[in-house]
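Worksheet: one structure, shown below.
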Amino acid sequence: MTSSFINKNRHEGCEILIRGTVQGVGFRPFVYNLASRFGISGTVSNTGDGVHIRAAARSERLAAFLAAIKSEAPPLARITDIKQQPLHEPVVPGVFTILTSAEGEAPRAVIPPDIALCDDCLKELLNPADHRYRYPFINCTNCGPRFTIVESIPYDRPKTSMKAFRMCKVCTREYTDPANRRFHAQPNACSDCGPRLFWHERSGRRIEGVVPLAEAAVALSAGQVVALRGLGGFHLSVDARNRAAVDLLRARKNRPDKPLAVMLPNMTSIRRFCPVGREEEELLRSTIHPIVLLRKRIDFALADNLAPGCGELGVMLPYTPLHHLLFRQPGCPEALVMTSGNASGAPICTANEDALRRLGHIADFFLLHNRDIVTRIDDSVTRITSGRPQIFRRARGYVPQPVEIPWHLPPVLGCGAGLKSTFCLGRDTSVFPSQHIGDLFNLESYEFYTESIEHLQRVLRIEPQIAVCDLHPDYMSSHYAAELGLPLYRVQHHHAHAVAVMAEHSLSEPALAVVLDGTGYGPDGTIWGGEVLLAELTRFKRLAHLEQLPLPGGDAAATQPWRMGMAALFAAAGGAPWPEERLPAGIAAIDTHRRSTINAMLAKGFNSPLTSSCGRLFDAMAALLDVRQHISYEGQAAIEFEWLARARADANWLDRIPQFSQLERPALLCKKGEKWEISSTEFVTLALAALAVGATPGEVALQFHCQLLAVLTELLRRLADRTGVRQVVLAGGCMQNRLLLEGLLHTIPRINLEVFTGESLPINDGGIALGQTIIGGLQHVSRNPHEGHQS
Ligand code: ZN
Ligand code: ZN
Ligand code: FE
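Take 474 as the starting number for the sequence shown in this note's numbering and just add one per residue.
The following block contains the structure:
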């Protein structure tokens, strides 16, 4: 804070402007209570700009008041900036008032994210003597819906979907009593005046005269599928102990293999199925209550088709009062699948009619309510890796929190990629990554995407002056960006991956970026994805990459790993078909005619674009070890291949990463002109040789991980020596592979380099929009110096 103009011995006044997450988190009542404690006269109000305080008192009290605002702020508040100036108009002595909200001229207020039910509310929920006993929408200033109910700012009840409910006397009294813990809790409600539940058949007909939660428990325990309207959208739920029920849901949702998340009522229950570390428990119980990926116990006793081929399960605790009540219904299963309520590939449903129409063929019953969801948001997905949090899907509980950066941006929109899409708005030193939107392949997702951009622009009052998109011309996000009519910057995919991590850690200096990824468009027209870049904030240089392999059939190769397996064998045979009699079993099992077609394509280079993708190399290895020849969800072969290796990796597996000099094949790393190349075919040759002498597929899979780690580490050592760059960033979808990430976090410090990766933002394509926002924004500033400045 700037130097104070408070003179300790005089009666003084000042205006205080506080910015950050200060609305909807009980900040005004907090200020009110402090004011009465220190004997301050004046006012407090929400503005479009944050919280505005006018305060008058004896100077020493004023100083104590200011200090307490900073040191005692409510748990959910995040102050980014406090400014003070002399009081312009006098205040009424002896009173302190909370004013109704006024809209400021330069709105910067941040709307808080949605917050899991707090302990105080849970106690009331379960207390038969309480006014809100068993009320499924209980909340307070410390918990409940926020971002999902906001229509515009300032964050006040008339600008939320709670405006449809007129508070009863009890609720009004709490809402207007500064000493009450529901003072200005915008979603405040009770069973007399607030939202309520309804029970519907799949035909849409409402069933009256029943207790909806009791009906839901009965249906779930009978193995039926129930659609639950929640906080940010619908969940589809079944009994997670019941294999047949899980299969039914999978068949109806057309989701044969992709892992399903499970909600368990408490920590004791979670521990029965998964061991939980300290950091994992903290994350599970945080105000966010995200899905946390946990290792399944060896004697895992839930249905075995929840996460087939994967040793982890996504688990979360109940985060709304409705969830807590549901688990307490007689007969309710102890473990419930809670998967996004959407038809395959489409965004999660939010409105009742929409859900009844689109989920009617999936759910047997619908548990509905009448509190409208303004903003759709999925559950966030996280994991602890090497003691640090990682976010795979950043949504509920995190959005719309900004990331603060040490650079100044003009108003900018980063449009994101094609898979796991997000977008990002930036202005000055704040960037606001959107919630996870999903894969932008169909009209419904595209509408969700465009609506969300418009909504976030409105509530943040950011009017982008420039747009940034991927180099890939065919992403729907690139088309959207091009149609905005703004100055447009196109950013290389893996450069964006790298800068997203640099931004999270405020790295201004160049970094060596290891980006192991699925697919990204390269400026040379080939498909990149196994890259080591010298990354700067506004430009990059490709220093090394994986040896390119052909993708026979283009996009089709990504869903049929056997095609990549054949491409790898073709390369390993020196550019000729691999001998039939030595084909690995899984590939030999593929129809002969299809195989010869692929060999013909490879020989002619027909419809076989080249790629340095790490994801495709993993697909090839998965095919050679017969982990999987066809996939039903993105990344499936790589995930199952990782689990094959992880099942072999004991607690000391990191010691198995060899020194580069110990590798049998130094040709794994070679220099081609200016660039280094990691030989994909050498990995294949090594794997086949190991199989030939009787190594198990699990052993070969683990060896491959260790060899790749050794090569990458040696490459980084050489590149650091040559460039003098000592900082390394790790990003890309393949870095979600725990062995790769843990391995690099282990080896890189041992060659005396500093290593960074994504902790509060996804390192998969969910982070692309952030990287784009920074790169495009700073490129624009450097070309148009009058529109901003770099600090
Ligand atoms: Zn609460
Ligand atoms: Zn009420
Ligand atoms: Fe990517």
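Cβ atoms here follow ideal geometry from the backbone N, Cα and C, with glycine treated the same way.
### Query
The alpha helix (DSSP H) spanning ASP593 covers which residue range?
As a first step, residue 593 is located in the sequence shown; it is residue number 120 there, counting from the start. ASP593 -> alpha helix (DSSP H) spans 592–598.
### Supposed contact pair PRO996 and LEU961 - C-beta distance, whole angstroms, cut 8 Å
The sequence position of residue 961 within the sequence shown is 488, counting from 1. The sequence position of residue 996 within the sequence shown is 523, counting from 1. Actually they do not touch by this definition, with Cβ atoms about 16 Å apart.
### Query
Taking the C-alpha atoms as reference points, what is the distance between THR1032 and LEU549?
Position 559 of the sequence shown, counted from the start, is the residue given in the question as residue 1032. Position 76 of the sequence shown, counted from the start, is the residue given in the question as residue 549. Taking the straight line joining both Cα atoms gives about 43 Å.
### Message
Need the endpoints of the alpha helix (DSSP H) that CYS1087 sits in, please.
### Response
Within the sequence shown, the letter at position 614 stands for residue 1087. Note, CYS1087: alpha helix (DSSP H), 1087–1097.
### Query
If we count the other Cβ atoms within 10 Å of its Cβ and call it buried at 16 or more, is GLY705 buried or exposed?
The sequence position of residue 705 within the sequence shown is 232, counting from 1. The residue in question, GLY705, is buried, as its Cβ has 16 or more Cβ neighbours within 10 Å.
### Task
Would you give the residue range spanned by the alpha helix (DSSP H) that GLN930 belongs to?
As a position in the sequence shown, residue 930 is number 457, starting the count at 1. Where GLN930 is concerned, the enclosing alpha helix (DSSP H) stretches over 916–933.
### Query
Around ligand 3, which residues pass a check of Cβ closer than 5 Å to any of its heavy atoms?
Checking every Cβ against the heavy atoms of ligand 3 under 5 Å gives ASP990 and ASP1238.
### Buried or exposed by the 16-neighbour rule on C-beta atoms within 10 Å, applied to MET838
The residue given as residue 838 occupies position 365 in the sequence shown. Before going on, a small fix: residue 838 reads as Phe here, not Met. By the neighbour-count definition (other C-beta atoms within 10 Å, threshold 16), PHE838 is a buried residue.
### Message
Nearer than 8 Å: is that true of the beta carbon of MET635 relative to any heavy atom of ligand 2?
### Response
Counting from 1 along the sequence shown, the entry for residue 635 is found at position 162. Flag unset: Cβ of MET635 not near ligand 2.
### Spatially closest choice to GLY1003 from THR902, ILE1151 and PRO1034, by CA coordinates
Walking along the sequence shown from the start, residue 1003 turns up at place 530. Closest by alpha carbon: ILE1151.
### Task
Report the rounded CA-to-CA distance for GLU1020 versus SER1153, giving the unit in angstroms.
On the sequence shown, residue 1020 is found 547 positions in, with the first residue counted as 1. On the sequence shown, residue 1153 is found 680 positions in, with the first residue counted as 1. Going from the Cα of GLU1020 to the Cα of SER1153 covers about 5 Å.
### Query
Shortest alpha-carbon distance to THR1158 belongs to which of SER1069, ALA1041 and ASN1210?
Along the sequence shown, read from residue 1 onward, the residue named residue 1158 stands at position 685. Comparing Cα positions, the closest option is ALA1041.
#### Entry: 9 Å Cβ cutoff met for ILE821 and ARG725
As a first step, residue 821 is located in the sequence shown; it is residue number 348 there, counting from the start. As a first step, residue 725 is located in the sequence shown; it is residue number 252 there, counting from the start. In this structure, ARG725 does not lie closer than 9 Å to ILE821 by Cβ.
### Query
From the beta carbon of HIS1253, is the nearest beta carbon of chain C less than 9 Å away?
Any reference to chain C falls outside this structure, which holds one protein chain only.
### Query
Helix, strand or coil: how does DSSP classify TYR994 here?
Residue mapping note: residue 994 aligns to position 521 of the sequence shown, counting from 1. DSSP places TYR994 within a strand segment (E or B) once states are collapsed to three.
### Query
How should PHE896 be labelled, buried or exposed, when 16 other C-beta atoms within 10 angstroms of its C-beta is the threshold for buried?
In the sequence shown, counting from the first residue as 1, residue 896 sits at position 423. PHE896 should be labelled buried.
### Task
Could you tell me whether any non-hydrogen atom of ligand 2 is closer than 8 Å to the CB of ASP845?
Residue 845 sits at position 372 when you count from the first residue of the sequence shown. Not so, every heavy atom of ligand 2 lies at least 8 Å from the Cβ.
### Query
Applying the criterion that 16 or more other CB atoms from any shown protein chain within 10 Å of the CB defines a buried residue, is GLN496 buried or exposed?
Position 23 of the sequence shown, counting from 1, holds the residue named residue 496. Buried, because 16 or more other Cβ atoms sit within 10 Å of the Cβ of GLN496.
### Task
Tell me, please, which residues DSSP counts as bridged to ALA518.
Start at 1 with the first residue of the sequence shown, and residue 518 comes out as number 45. Looking at the sequence itself, residue 518 is Ser, so the reference to Ala does not match. Per DSSP, HIS525.
### Task
Report yes if the CB atom of PRO763 is closer than 9 Å to the CB atom of ASN612, and no otherwise.
On the sequence shown, residue 763 is found 290 positions in, with the first residue counted as 1. On the sequence shown, residue 612 is found 139 positions in, with the first residue counted as 1. Judged by their CB atoms, PRO763 and ASN612 are not nearer to each other than the 9 Å cut-off.
### Message
Tell me the rounded alpha-carbon separation between THR516 and PRO502.
### Response
Counted from its first residue, the sequence shown places residue 516 at position 43. Counted from its first residue, the sequence shown places residue 502 at position 29. Distance from the CA atom of THR516 to the CA atom of PRO502, rounded to whole angstroms, is 11 Å.
### Task
In the DSSP assignment, find the unbroken alpha helix (DSSP H) run with ILE1060 in it and report its ends.
To locate residue 1060, count along the sequence shown from 1; it is residue 587. Segment 1058–1061, the alpha helix (DSSP H) holding ILE1060.
### Message
My output table needs one value for SER1264: the three-state DSSP class, helix, strand or coil.
### Response
For the purposes of this step, residue 1264 is identified with residue 791 of the sequence shown, where counting begins at 1. Residue confidence for SER1264 is low, a pLDDT of 38 falling below 50, so the modelled location carries little weight and cannot support an answer.
### Task
Measuring alpha carbon to alpha carbon, tell me which of ARG866, ALA1163, LEU1090 and PHE610 ends up nearest LEU1024.
Your numbering for residue 1024 matches position 551 in the sequence shown. When each option's Cα is compared against that of LEU1024, the closest is LEU1090.
### Query
Which class does LEU1189 belong to by DSSP, given the choice of helix, strand or coil?
For the purposes of this step, residue 1189 is taken as residue 716 along the sequence shown, with counting starting at 1. DSSP, reduced to helix, strand and coil, places LEU1189 within a helical segment of the structure shown.
### Neighbourhood of VAL1078 by C-beta distance below 8 Å, restricted to the same chain and skipping five residues each side
To locate residue 1078, count along the sequence shown from 1; it is residue 605. Reading the sequence as shown, one finds Gly at residue 1078 and not Val. Closer than 8 Å at the Cβ level, and outside the excluded window around GLY1078, lie PRO1023.
#### Entry: Cα-Cα separation between VAL504 and VAL568, rounded to whole angstroms
Walking along the sequence shown from the start, residue 504 turns up at place 31. Walking along the sequence shown from the start, residue 568 turns up at place 95. In this model, VAL504 and VAL568 are separated by some 13 Å (Cα to Cα).
### Query
GLY1250 to PRO873, Cα distance in whole Å?
For the purposes of this step, residue 1250 is taken as residue 777 along the sequence shown, with counting starting at 1. For the purposes of this step, residue 873 is taken as residue 400 along the sequence shown, with counting starting at 1. If you draw a straight line from the Cα of GLY1250 to the Cα of PRO873, it comes to about 20 Å.
### LEU798 classed as buried or exposed, judged by whether at least 16 other C-beta atoms fall within 10 angstroms
Taking the first residue of the sequence shown as 1, we reach residue 798 at position 325. Residue environment analysis places LEU798 among the buried positions, since at least 16 neighbouring C-beta atoms fall within 10 angstroms of its C-beta.
### Task
Write down the C-beta distance between GLY860 and GLU752 rounded to the nearest angstrom, noting that I regard them as a contact closer than 8 Å.
Reading the sequence shown from its first residue, position 387 is the one you call residue 860. Reading the sequence shown from its first residue, position 279 is the one you call residue 752. So it is a contact: roughly 6 Å between Cβ atoms.
### Message
I want to know whether the region 655–666 touches the region 686–693 - three or more CB-CB distances under 8 Å.
### Response
Taking a cut-off of 8 Å on C-beta distances, the region 655–666 does not touch the region 686–693, as fewer than three cross pairs fall below it.
### Task
Within the same chain, show all residues whose beta-carbon is closer than 6 Å to that of LEU1192, passing over the 5 residues directly before and after it, in chain order.
For the purposes of this step, residue 1192 is identified with residue 719 of the sequence shown, where counting begins at 1. Excluding sequence neighbours, LEU1192 sits near LEU985 and LEU1016.
### Query
Under a Cβ-count criterion, where at least 16 other Cβ atoms within 10 Å of its own Cβ denotes burial, should GLY1167 be classed as buried or exposed?
For the purposes of this step, residue 1167 is taken as the residue at position 694 of the sequence shown. So GLY1167 counts as exposed.
### Task
Take VAL972 and list the residues in its own chain whose beta-carbon comes closer than 7 Å to its own, dropping the five residues that flank it on each side.
Here residue 972 is taken as the residue at index 499 of the sequence shown, counted from 1. Cβ within range, chain order: ALA1008, LEU1010, GLY1244, ILE1247 and ILE1248.
### Task
Determine the direct distance from the alpha carbon of SER1134 to that of SER907, and round the result to whole angstroms.
One-based indexing of the sequence shown puts residue 907 at position 434. One-based indexing of the sequence shown puts residue 1134 at position 661. Looking at the two C-alpha atoms, the distance is approximately 45 Å.
#### Entry: Spatial neighbours of PHE1156 in its chain, beta-carbon cut-off 8 Å, leaving aside the 5 residues before and after
As a first step, residue 1156 is located in the sequence shown; it is residue number 683 there, counting from the start. Counting only Cβ-Cβ distances below 8 Å, and skipping sequence neighbours, we find LEU1090, MET1094, LEU1141, PHE1177, GLN1180 and LEU1181.
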